[in-house]
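Positions 1 to 910 (full-length UniProt numbering) are the ones given, in order, by the sequence shown.
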Amino acid sequence: MLKEVQELAEKFKVEEDEAYVSPYAHLEKATVLQEARIFHDPTAVRESPRKCCTVIAQLLHLQNTGQYLSGVEATEVFFGVTKLFMSDDASLRRMVYLFIKDVAETCDPDDVIIVTSCLTKDMTCDVDLYRGNALRVLVRIVDAAMLGAIERYVKQAIVDSSGQVSSSALVSASHLFASSPECAAVVRRWISETTEATSSPNEMVQFHAMQLLYQIKSHDRLGVSKLVTQYSQRNTLRSPLALVLLVRYTSKLLHDEVSEGRASGSYQESTSTVVQAGYQFLEASLRHKSELVVYEAARACCHLPAAEPQDLQPAIGVLQLFLSSPKPAVRFASIRTLAQVANQHPRVVSKCNEDLEALIGDSNRSIATLAITTLLKTGSENSIDRLLKQISAFLTEIADEYKITVVRSLQKLCLTYPSKHRVLVGFLSNFLREEGGFDFKRSIVNSIISLIRAVPESTESSLLHLCEFIEDCEFTMLSTQILHLLGELGPKTSAPPRYIRFIYNRVILENSAVRAAAVSALTKFAASCPSLRTSILTLLQRSLVDEDDETRDRAAIAVATLQNAMEAFPYVAPPEDDVVGDELPPDVPDPDDPAAYVLLEPLPMSFDKLERSMKAYMLTPMTMESPDPITVMALPIVEDTEVADPAAAIYAIPELANLGRAFRSTAPVHLTESETEYVVQCTKHIFASHVVLQFSVQNTIDDQRLDNVTVLLDDSESEIFTVSGEIACDGIKYGDTKHCFAILERNAEIQLTPSHFTCELRFTVVQVDSTTGEEEGDKFEEEYPLEDLEIATSDFMAKVAVPDFRKAWEAVGNENEVLEKFALQFKKMEDAVAAVLDFLGMQACDGTATVKPNAGGKPHMLHMSGVFVGGQQVLSRAQIVMQGTNSVVLKIAVRSEDSDVSRIVADCIR
């Protein structure tokens, strides 16, 4: 009977919730404005304050749902609300304050001034409720000029005996401080009253006073230090919230003190008075009677910079006690902090494992998830099997977002204990066959794939688990991802044929995208394993009549390529003498096998770069095109960071046609300031034996036209480059930008080194009418000095990344390697990495341009690649180590097919 009553109650509750309609759902602004006229009737206001409260609530609802009042409507309503100050009803008065605070910012300033006198009167009355609310509203409508008139009242309110008034004044001051620099300057004068408020017996007043004090002193490092030291030693704060603020301020001060001291090289932890006092205060706060203060202190201790494991013991002990708290919030906060500590110090947290295991069955799923993930970080290898049994039941009961968190922790655990990969991968694969959304399944697949990369021993068992998953996978993206992985790794396993059945099932059972991916996977097996080609060719021929174009095209290319390869290199089974036991000789294609090259080797460039290279080829004048068929190697080199069509202007000039195709073009370099009368930029176009300097000249003088514009370069000090020609430009009107050119011929017999040229802009000035542009007055020659121009060695290096740096590095070999060591002056690792890339003009590979955070004193490895003028591929590995605070040590190795090129590139460091 009781059960039936409960079911009926739940049913009625659901129906009631579904039937609920907000009383403000169908408000009409015109109707509400009509009802707002009650504010002008003193009798109605006195007799029906409840009705007035309802109308104000309706007005606020309109305002908050986007039905804003017009200027006239807002003014009329605002005046009506101000008349409600005559009412003594407390509820109505509070609604008036709320309305003014919410609407005043959208009203006309002249209308707002009218209400200021009423608020000022309330701020000095005897009713604490009115005084506090009036203060809160006033700070929203006053500016720095009006603040002086009420400053005395606010200062008195800060030290008022009423906690409500004092807190209101402190919160108002905090808002004023953040509103404008002028108001902040006024609030700073209230520091003595704020300091006095920290001694108030009211806990909320202490909290707000501490908050305002820190806000005032936050930009004064010494002031913050004194504030923290004073209140941590005085022991006068009784408010737990105020002590929480003090703990946070202390923690921030310690972080700043340590980081700044280490950056300057003058920090000594053992002798830092501020740091020692901060540590002592945090440790003492661990024994406070308030759970809030104790937790905040423990959290601060756990996140102290460079904390040693022994320093964390007191805080970990406190958090361990909190794990058994009856309050879910306390349990969650403590276990979240322990989970963060476990990332750096798992052994320290392992002492809490027994308490953590008790939380796996916690009714709060967030707590249970954190307990599991923390145990996976701190558990030993022997405890893995037991943990997995506990997790198995738990995972079936939680949402996917929690499951994903657990999966990521399992992945990290497998990397910690590689020998347990079979158990962990098997555990993950079991959940691939359970119910779950796409994100959850994808997280498991990505985890298994990452484990394959990190733990090669897990490859074969993991691939079989993934094969079983795609037999019943409903997600196309995951199926294609796994098929691609099978095509990449399957042929390299000990028994490749075992995967063929799973792949071919996808060809006959799945949608077009999966069928196409399966055909590509089968193709890779056939290209890699000559012994399987005959059988796989039979399977692929069935896809030649597939209804999907992509699948048919892939199958057609594979079949044609494999048939040609099988005719040229027929497979011959190994003699029985070569078979040792059950082991067969390696099943690998011939080095000259065309199928392996066509079907397995990737393109030497991405499709995006191929498109850009083809466009650059099409820009080349017809006279430069080769009569031979286009090959990938004959296409122009395009950089990873390239200016759009940089050489288009060069190819359009007949005088430069005999220079050939431009190797690369640099980014424009400013030779003048942007505010000068003539703005000049230079773009360097690098050719095989020449450098074309393109000078972009802008005329910013409205009564001049520039004719016969050239840039004169002094090449007397350069042995490498000689000015061999120039092309002037005419008619640069006001606001126009045109180009002139200078041609430098390079002496190929001299090794490239940085060259500097003195530049001077020369032109004929033609006076013109600024309105019509017609010539006026005489012409005269003019010279304008420019900044010196440098042609660096890095200008001859194209930024081109390689798909696999390690493979490319080993392929080049060390025959022409150059090794150098340098000491450079940099304060930050990031600046040193950027400078090395700039010196060499090369492209960073494998994401090594980014320095890992919290790397400490560990060396940073920088991988770089590029193509030197002439088509020489250059690779470089650099190790950068911070030494002291102002210098780094750079060890660099440069490889190419030409020792001279390696030496030139290594000498770029300066």
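We treat Cβ as the ideally placed atom computed from N, Cα and C, and that holds for glycine.
If the criterion is Cβ atoms closer than 7 Å, does the pair residue i and residue j meet it?
i                : j              : result
arginine 533     : leucine 489    : no
leucine 135      : serine 172     : yes
threonine 337    : cysteine 301   : no
phenylalanine 39 : glycine 71     : no
threonine 476    : alanine 513    : yes
glutamate 193    : isoleucine 158 : yes
isoleucine 720   : isoleucine 750 : yes
leucine 415      : alanine 358    : no
valine 768       : glutamate 776  : yes
valine 518       : isoleucine 503 : The question names valine, but residue 518 in the sequence shown is alanine. A contact, by the Cβ cut-off of 7 Å.
valine 697       : valine 680     : yes
serine 613       : proline 636    : yes
glycine 436      : aspartate 472  : no
valine 205       : alanine 197    : yes
serine 543       : alanine 560    : no
residue 924      : aspartate 89   : The structure shown does not extend to residue 924, since the chain is modelled only from 1 through 910, so no value can be given for it.
aspartate 838    : lysine 684     : no
How many Å lie between residue i and residue j at the Cα?
i                 : j              : result
aspartate 846     : proline 803    : 9 Å
glutamate 677     : leucine 706    : 12 Å
valine 247        : valine 293     : 8 Å
alanine 906       : valine 869     : 15 Å
phenylalanine 525 : lysine 377     : 39 Å
lysine 615        : glycine 871    : 19 Å
glutamine 211     : threonine 116  : 27 Å
phenylalanine 805 : serine 461     : 29 Å
valine 881        : methionine 146 : 58 Å
glutamate 283     : glutamine 313  : 11 Å
glutamine 390     : isoleucine 384 : 10 Å
isoleucine 216    : methionine 123 : 24 Å
valine 580        : leucine 600    : Because the pLDDT at valine 580 is just 46, under 50, the model does not fix this residue reliably, and the value given afterwards should be weighed accordingly. Their Cα atoms are separated by approximately 30 Å.
proline 602       : alanine 801    : 14 Å
asparagine 699    : isoleucine 743 : 23 Å
serine 494        : isoleucine 909 : 48 Å
valine 137        : lysine 121     : 13 Å
serine 161        : serine 199     : 11 Å
glutamine 883     : valine 889     : 7 Å
glutamine 541     : glutamine 873  : 41 Å
residue 958       : lysine 807     : As displayed, the chain neither begins before 1 nor continues past 910, which places residue 958 out of reach and without an answer.
glycine 866       : lysine 799     : 5 Å
alanine 728       : isoleucine 653 : 12 Å
phenylalanine 12  : leucine 27     : Any reading at phenylalanine 12 needs caution, since the residue's pLDDT is 45, under 50, leaving its predicted position unreliable; the model's value is listed next. In a straight line, the C-alpha of phenylalanine 12 is about 28 Å away from that of leucine 27.
Among the options, which has the Cα closest to the Cα of residue i?
i                 : options                        : result
aspartate 355     : Gln156, Ile372, Leu862, Ser366 : Ile372
proline 497       : Ser479, Gln704, Tyr417, Ile536 : Ile536
threonine 666     : Glu675, Val679, Ala657, Ile686 : Ile686
proline 201       : Leu237, His175, Tyr231, Leu176 : Leu237
cysteine 52       : Phe99, Arg542, Glu381, Phe805  : Phe99
tyrosine 784      : Gln313, Tyr295, Phe763, Thr772 : Phe763
phenylalanine 440 : Asp472, Tyr499, Tyr402         : Tyr402
alanine 521       : Ile56, Ala849, Ile500          : Ile500
alanine 209       : Lys155, Gly437, Ser225         : Lys155
phenylalanine 207 : Leu464, His255, Ser168, Arg189 : Ser168
isoleucine 56     : Arg46, Asp128, Tyr571, Ala36   : Ala36
serine 239        : Ala748, Thr31, Glu291, Met86   : Glu291
histidine 288     : Ile150, Leu243, Val507         : Leu243
phenylalanine 322 : Gln340, Pro309, Tyr295         : Tyr295
Hey, would you say the C-beta of residue i is under 6 Å away from at least one heavy atom of the ligand MG?
i            : result
threonine 31 : The ligand MG is absent from the structure shown, which contains no ligands of any kind.
Could you confirm whether any beta carbon from chain C is found closer than 7 Å to the beta carbon of residue i?
i          : result
lysine 891 : Judged by its chain identifiers, the structure shown contains no chain C, having just a single protein chain.
Inset, instruction - Please list the segments of the alpha helix (DSSP H) lying wholly inside the region 616 to 693, counting only runs of 4 or more residues, in order along the chain. - result: Entirely contained in the region 616 to 693, the alpha helix (DSSP H) runs reaching 4 residues are, in chain order, 648 to 651.
Inset, instruction - Assess, as a yes-or-no matter, whether the region 712 to 730 is touched by the region 818 to 830 under the definition of 3 or more beta carbon pairs within less than 8 Å. - result: Contact between the region 818 to 830 and the region 712 to 730 is absent: fewer than 3 CB-CB pairs across the two stretches fall below 8 Å.
Inset, instruction - Specify whether the region 324 to 344 and the region 272 to 282 touch according to this definition: at least 3 beta carbon pairs, one from each stretch, less than 8 Å apart. - result: The answer is no - the region 272 to 282 does not touch the region 324 to 344, with fewer than three Cβ pairs under 8 Å.
Inset, instruction - Please determine if the region 443 to 460 and the region 410 to 424 are in contact, where contact requires at least 3 C-beta pairs separated by less than 8 Å. - result: By the criterion of at least three beta-carbon pairs nearer than 8 Å, the region 443 to 460 is in contact with the region 410 to 424.
Inset, instruction - Can you check the region 421 to 484 for any alpha helix (DSSP H) of at least 4 residues that lies completely inside it and give the ranges in chain order? - result: Entirely contained in the region 421 to 484, the alpha helix (DSSP H) runs reaching 4 residues are, in chain order, 421 to 432, 438 to 454, 459 to 470.
Inset, instruction - Mind the definition here: the region 342 to 353 touches the region 361 to 372 only if three or more C-beta pairs lie below 8 Å; say whether that holds. - result: Taking one beta carbon from each stretch, the region 342 to 353 and the region 361 to 372 have fewer than 3 pairs nearer than 8 Å; the two do not touch.
Legend entry - Sequence ranges, beta strand (DSSP E) only - wholly within the region 246 to 329, length at least 3: Here no run is fully enclosed.
Inset, instruction - Output the residue ranges of the alpha helix (DSSP H) runs that lie fully inside the region 143 to 179 and measure 4 residues or longer, sorted by chain position. - result: Segments of the alpha helix (DSSP H) lying fully in the region 143 to 179: 144 to 158, 163 to 179.
Inset, instruction - Tell me the start and end of each unbroken alpha helix (DSSP H) in the region 355 to 422 that is at least 4 residues and wholly inside, in chain order. - result: Within the region 355 to 422, the complete alpha helix (DSSP H) runs of at least 4 residues are 365 to 378, 384 to 395, 400 to 416.
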